[in-house]
Amino acid sequence: MLGMTMVYGARSVIRPPVDPFHVLTYAAIQPAVPQDPWKSAKMIRVAEELTRWSEIALTGRNPVDLLVWPESLAGTGWREEPEFQKAIQNARRMGARSLLTGSLDIRGPETFNSAILFTGPEGRPPLVYDKNHLVIMGEYVPLAGIFPWLRKLVPPGGDLTAGKSTEILELEGCGVKIAPLICFEDSVPEVVRMAAQKLPHLLVNLTNDAWFGNSAGSRQHLENARLRAIEVRLPLLRATNDGVTALVSPKGVILSELRKEETGSIREPGFIMGEIELVETHDTVFTRWGHWPVWLSCGLVLVGLIRRRDVA
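Note that the numbering used here has the sequence shown beginning at 1, numbered continuously upward.
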């Protein structure tokens, strides 16, 4: 089984490149807004920083197919914040054909951590993906319905509703299909696998790793995400609040990364932009079979051990 894995991996690496069906132009913004986990960032500050860096990235250049902003940085939803809505409109008028942003999305009694795609003519309702895999004690509280006081133990926004399905969002005008992944979803194999089964052309992760501060957490998050890109053989674009904003190839190679040259810091505000060659996607072994080959291997080893014991 190990030999088969090595042969399959080598074959995948040396496979000749396929002609792209579309070359996607993109910009990913990293606003680096400071965040106290017990105090929601002011949406107006978030909107100002996103607008400022979007303007720097887009002014004087050709329009980009996709502008990406990171995961929600504030405790209110985009529908309730005129300043954030204005920032979205401004960015699209600056030259973003489509804009994908993270935000809380409040619908009646429920609040979702969502990825919102604005594409097509201005005024058209956005496409929405609600985060499926919530973080325990960070985004939802087990047994909170029975013990309401547990909600006081988590930061604001810690009692969210999980999305019910994986959504693939299509950019109008170019036919590119993206699979949004929010926060740690780009490091969870089954979440990425379910998205890849719907054959997107690109994985896009929106995250806010400000919680990690100066620890290695942000870098470790990226390293985990690289493995997911390899497993499903899809490019991965990440837009983060304060690192690591990056573009990862289907082979796990970091093609672009936001880093301050003088200090090597990944937590500085800024942006990355460029082009992504996208090809028509297809299943990989992991996309189709998941962890079954691993369990099969474990089963064969167990059978072998039992037979050896019986012989002895």
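Beta carbons are placed, not taken as given, at the ideal position from N, Cα and C, and that holds for glycine.
All values reported here derive from a predicted model rather than from experimental measurement.
- Each of A196, V311, T207 was checked against the Cα of T284, and the nearest Cα belongs to A196.
- Counting along the chain, the unbroken beta strand (DSSP E) around P180 starts and ends at 177 to 182.
- Contact check for A210 against N241 passes: the beta carbons are separated by less than 7 Å.
- Just so you know, the alpha carbons of R107 and I116 end up roughly 14 Å apart.
- Residue environment analysis places E139 among the buried positions, since at least 16 neighbouring C-beta atoms fall within 10 angstroms of its C-beta.
- Boundaries of the alpha helix (DSSP H) around D310: 292 to 311.
- Annotated three-state conformation of E80 is helix, per DSSP.
- In the displayed model, L160 falls within coil according to three-state DSSP, outside both helix and strand.
- Here M273 carries a strand assignment [DSSP, helix/strand/coil].
- Taking 3 residues as the minimum length, the beta strand (DSSP E) runs contained wholly in the segment 216 to 288 are 236 to 240, 246 to 248, 254 to 257, 270 to 278, in order along the chain.
- Under a 10 Å Cβ-count criterion, L305 is classified as exposed, with fewer than 16 other Cβ atoms of the shown protein chains found around its own Cβ.
- Under the DSSP assignment, R107 falls in the beta strand (DSSP E) whose first and last residues are 98 to 107.
- L181 places its beta carbon less than 7 Å from that of N205.
- Inter-residue distance for E122 and R97 is about 10 Å (C-alpha atoms, whole angstroms).
- For A57, the enclosing alpha helix (DSSP H) stretches over residues 43 to 58.
- Counting only the Cα atoms, R92 lies some 10 Å from D65.
- A residue is called buried once 16 or more other Cβ atoms fall within 10 Å of its Cβ, and A87 is buried on that count.
- Non-local C-beta neighbours of G3 in its own chain, meaning closer than 8 Å and more than five positions away in sequence, are absent.
- A Cβ-Cβ contact shorter than 7 Å links D186 with A225.
- Looking at the DSSP output, I136 sits in a beta bridge with Y140.
- DSSP places V68 in no alpha helix (DSSP H) but in the uninterrupted beta strand (DSSP E) bounded by 66 to 68.
- CA-CA distance, L296 to W289, rounds to 11 Å.
- When secondary structure is reduced to three states using DSSP, N208 falls in the coil class, being assigned neither helix nor strand.
- I272 is positioned such that its CB atom lies closer than 7 Å to that of L258.
- Residue state for A32 is assigned as coil, using DSSP reduced to three classes.
- Bounds of any alpha helix (DSSP H) do not take in V128; it lies within the beta strand (DSSP E) bounded by 127 to 130.
- D159 sits away from V135, with the two beta carbons spaced by 7 Å or more.
- S165 carries a coil assignment under DSSP once its states are collapsed to helix, strand and coil.
- P31 and L50 do touch by the CB rule: their CB atoms are close to 5 Å apart, below 8 Å.
- Between I276 and P235, the C-beta spacing is below 7 Å.
- Under DSSP, the beta-bridge partners assigned to A27 are L67, M273.
- Leaving aside the five residues that flank L127 on each side, the residues in its chain whose CB is nearer than 6 Å to its CB run, in chain order, L117, L169.
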